[in-house]
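Undergrad: Here our numbering is used: the first residue of the sequence shown is -14, the next is one more, and so on. Before I ask anything, let me first share the structure, which is written out below as structure tokens.
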Amino acid sequence: MSMPDVSTESQTAPAIAVFCPEPESESSARALASRLNLPWLGVVDPRHHTQYPLLLGVVQGRLSVVPTGKGAPGPVFADFVEGALAYRRLHGGGRGQPVARAVGLKPGIYPKVLDATAGLGRDAFVLAALGCEVVMLERSPIIAALLDDALARAALESEVAPIVARMTLIQADARQWLAQGSDLVADVVYLDPMFPHRDKSSLVKKEMRLFRELVGEDQDSSELLELALQRARYRVVVKRPRLAPHLDSRTPTLVHEGKSGRFDIYTLKSLELLKGSN
Ligand SMILES: C[S@@+](CC[C@H](N)C(=O)[O-])C[C@H]1O[C@@H](n2cnc3c(N)ncnc32)[C@H](O)[C@@H]1O
-14 MSMPDVSTES QTAPAIAVFC PEPESESSAR ALASRLNLPW LGVVDPRHHT
36 QYPLLLGVVQ GRLSVVPTGK GAPGPVFADF VEGALAYRRL HGGGRGQPVA
86 RAVGLKPGIY PKVLDATAGL GRDAFVLAAL GCEVVMLERS PIIAALLDDA
136 LARAALESEV APIVARMTLI QADARQWLAQ GSDLVADVVY LDPMFPHRDK
186 SSLVKKEMRL FRELVGEDQD SSELLELALQ RARYRVVVKR PRLAPHLDSR
236 TPTLVHEGKS GRFDIYTLKS LELLKGSN
């Protein structure tokens, strides 16, 4: 992973500390705490911990964010080898998947994508699995560490190694990254910012809640869209909740409705021009 020289001042400081579940992994966990500049707790059982609401550590071989306390939900991690993404890779509908259609993937057209809000890398992985090269930007050092860990694990598995070889992670704030220089950076810039929810109910998924605790709301997405439109070659795609207003009140050229959300597409040039070039 490429490490930043950019600040992350737009984020709220997360209440999280690094732990290790057993003494054998102490030295690597301590190194992680020092790299991320987070408090170091040593060997801790998250179920009995009360000081921090979230802990970061390797659980069952995966770097994870672990909510603390009795009855807390399970760990959250990025994973490209097992679980939902593995299922989707094998049985997921290929190029017909909404995210693939939104970035314009077709036979002979494999856009190079900049995923400027990488999160746990699921959308990026789906696109890479279908043949796109994807550069991922993630500004939260903690989320980027989860993603980096998942990429490293996947690189050791022969079935997914060729896919993650098409994925590059850069830990940076996309606004600052895109504001540097003026060259076009990708065929498609993909944005999936956190949508500000006022709803604090349990209906908000566990992972969403945890994300919000870690990275807050993405209040700067209008600025990100503006920069993306300046630096994309063919289109900018914005993933939105189904009923959310368009980002920055900009009317997209096209809208694709997906099951879990909507894709607003801002066309700059026809992707047909890419045909056969990759
Ligand atoms: C909703 S999540 C993205 C989920 C992702 N599409 C996936 O499939 O896993 C949004 C992520 O974008 C990141 N983000 C928001 N604004 C950003 C920016 N300006 N630069 C880099 N990352 C950003 C947040 O830290 C968060 O991890």
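Ideal Cβ placement from N, Cα and C applies to all residues, glycine included.
Do LYS254 and PRO83 have their CB atoms nearer than 9 Å?
TA: Result no, Cβ atoms of LYS254 and PRO83 do not sit closer than 9 Å.
Undergrad: For ligand 1, enumerate in chain order all residues having a CB closer than 7 Å to any of its heavy atoms.
TA: The filter returns ASP100, ALA101, THR102, ALA103, GLY104, LEU105, GLY106, ARG107, ASP108, ALA109, LEU122, GLU123, ARG124, SER125, ILE128, ALA157, ASP158, ALA159, ARG160, ASP177, PRO178, MET179, PHE196, VAL200, ASP203, ASP205, SER206, LEU209, LYS224, in chain order.
Undergrad: Let me check understanding here. Comparing Cα to Cα, which of ASN22, SER19, ALA2 lies closest to GLN36?
TA: Of ASN22, SER19, ALA2, the residue nearest in Cα terms is ALA2.
Undergrad: At which residues does the beta strand (DSSP E) containing VAL3 begin and terminate?
TA: Taken as a continuous stretch (DSSP letters only), the beta strand (DSSP E) holding VAL3 covers 1 to 5.
Undergrad: Three-state secondary structure (DSSP) at LYS244?
TA: It is coil, neither helix nor strand.
Undergrad: Please go through the same chain and pick out, in chain order, the residues whose beta-carbon is closer than 6 Å to the beta-carbon of ASP233, but skip the five residues on each side of it.
TA: So the list reads SER207, LEU210, once near-sequence residues are dropped.
Undergrad: Apart from the five residues just before and just after VAL145, which ones in its own chain have a Cβ nearer than 7 Å to its Cβ?
TA: Answer for VAL145: PHE65, VAL66, ALA139, listed in chain order.
Undergrad: Distance, Cα to Cα, ARG15 vs PRO8?
TA: C-alpha separation (whole angstroms): 11 Å.
Undergrad: Look at the Cβ atom of PRO58, then the Cβ atom of SER49, and state whether they are nearer than 9 Å.
TA: No, these two residues do not count as a Cβ contact at 9 Å.
Undergrad: Taking the alpha helix (DSSP H) that LEU136 belongs to, which residues open and close that run?
TA: Element bounds for LEU136: 126 to 139.
Undergrad: If distances are taken between C-alpha atoms only, which option among THR53, ASP205, ARG20 comes closest to HIS33?
TA: Ranking the options by Cα distance to HIS33, first place goes to THR53.
Undergrad: Are the Cβ atoms of VAL29 and ARG74 separated by less than 9 Å?
TA: Result no, Cβ atoms of VAL29 and ARG74 do not sit closer than 9 Å.
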